[in-house]
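Numbering (my numbering), first residue to last: 2 to 280.
Positions of the beta carbon are idealized from the N, C-alpha and C atoms, including for glycine.
Remember, predicted model here, so these are calculated numbers, not experimental data.
Let me begin by presenting the structure, written as structure tokens, before commenting on it.
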Ligand code: AMP
């Protein structure tokens, strides 16, 4: 497994790789969720490149950029056990030059980028599409794999690829959960034992949505019941609970078979957690 820090070297080296090159972009602090993406990638192609980069432009001013977990040594050890061809680990200067503010940026699709996390994290998805476009230009992947955990991000990247004519095929990989249902996330490390228990209400609420939609087809009615359920843990502060069309994030009034997205974002203490199901 090759570790590359330099942007130019990575670009030159990736050009020589044989088709298909599969990219798994991450921000590190790897867990089984990330590794499931890597394993999916190895099924698609011999050349798997994993990027590890905590992208500053997708963090808001009062967010957790500085304390975001970083553990490169452990990440590299985990990736060594998978069939990874190369790990790209640039530093911020390598990627953005001396002045972060003085950069060409891409704006995420206006509508998709304004919903869900876009509403509470202004500019977040612009940072995401900009770094993804840069990674695509550096690594030139035939396939890139993203997790359903960040479903809105996946839709926005699909749109980026379509709108800017990237030749990369974008695939989604399912959410990996802890045994008790909590979606794996690098941010779970921030949780105290009590908060970890409280966080379970997120998955339980999504599981309840699945059950409710079997009988009740009215989105408004189900949403009220889900909100009530979520309020059973009053320590958890709701950012959003939204039920939308999974294809395009449009509002829906009635359940749509296999295309009803229930997405939740909450704060547990200072930690923001997201999760979703498509029913
Ligand atoms: P991150 O390091 O959080 O930016 O995530 C890198 C990639 O891993 C993204 O495509 C995420 O959607 C995906 N990912 C994160 N957590 C999970 C999970 N629990 N299951 C599946 N994919 C995940």
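To which residues of the same chain is residue i closer than 6 angstroms at the C-beta, ignoring the five residues directly before and after it?
i: residue 31; result: 76, 79
i: residue 178; result: 184
i: residue 55; result: 28, 69
i: residue 220; result: 244, 253, 254
i: residue 167; result: 137
i: residue 126; result: 109, 114, 119, 157
So what does DSSP say about residue i, is it helix, strand or coil?
i: residue 236; result: coil
i: residue 241; result: strand
i: residue 193; result: coil
i: residue 51; result: strand
i: residue 173; result: strand
i: residue 57; result: helix
i: residue 16; result: helix
i: residue 227; result: helix
i: residue 258; result: coil
i: residue 184; result: strand
What are the boundary residues of the alpha helix (DSSP H) that residue i is part of?
i: residue 1; result: Examination of residue 1 is not possible in this model, given that the chain is present from 2 through 280 alone.
i: residue 206; result: 201-216
i: residue 155; result: 152-164
i: residue 121; result: 117-121
i: residue 87; result: Taken as a continuous stretch (DSSP letters only), residue 87 belongs to no alpha helix (DSSP H), being part of the beta strand (DSSP E) at 87-89.
i: residue 95; result: 93-97
Residue range of the beta strand (DSSP E) that residue i falls in?
i: residue 264; result: 261-269
i: residue 43; result: Residue 43 -> not in any beta strand (DSSP E); alpha helix (DSSP H) instead, spanning 33-45.
i: residue 73; result: Element bounds for residue 73: not the beta strand (DSSP E) but the alpha helix (DSSP H), 73-81.
i: residue 148; result: 144-148
i: residue 3; result: 3-5
i: residue 272; result: 272-279
i: residue 26; result: 22-27
Between residue i and the rest of its own chain, which residues show a CB-CB distance below 7 angstroms, the 5 nearest in sequence each way excluded?
i: residue 97; result: 104
Counting only the same chain and skipping the five closest in sequence on each side, list residues whose C-beta sits under 8 angstroms from that of residue i.
i: residue 199; result: 234, 236, 237, 269
i: residue 211; result: 278, 280
i: residue 139; result: 8, 11, 12, 15, 89
i: residue 120; result: 241
(request) Mind the definition here: the region 10-27 touches the region 40-52 only if three or more C-beta pairs lie below 8 angstroms; say whether that holds. (result) In short, these stretches touch, since the Cβ pair count reaches three.
(message) Below 8 angstroms, how does it come out for the region 179-195 and the region 32-42: are there three or more Cβ pairs, yes or no?
(response) yes
(request) Spell out a yes or no on whether the region 148-159 and the region 248-264 are touching, meaning 3 or more CB-CB pairs, one atom from each, closer than 8 angstroms. (result) yes
(message) Under 8 angstroms, with one C-beta from each stretch per pair, do the region 189-209 and the region 229-239 reach the 3-pair mark?
(response) As far as the Cβ criterion goes, the region 189-209 touches the region 229-239, which means the pair count is three or higher.
(request) Just jot down, in chain order, the residues whose CB lies closer than 6 angstroms to any heavy atom of the ligand AMP. (result) This selection yields 27, 28, 34, 35, 37, 38, 147, 148, 150, 151, 174, 176, 177, 184, 185, 186, 187.
(message) With three or more beta-carbon pairs closer than 8 angstroms as the criterion, would you say the region 164-174 touches the region 134-153?
(response) yes
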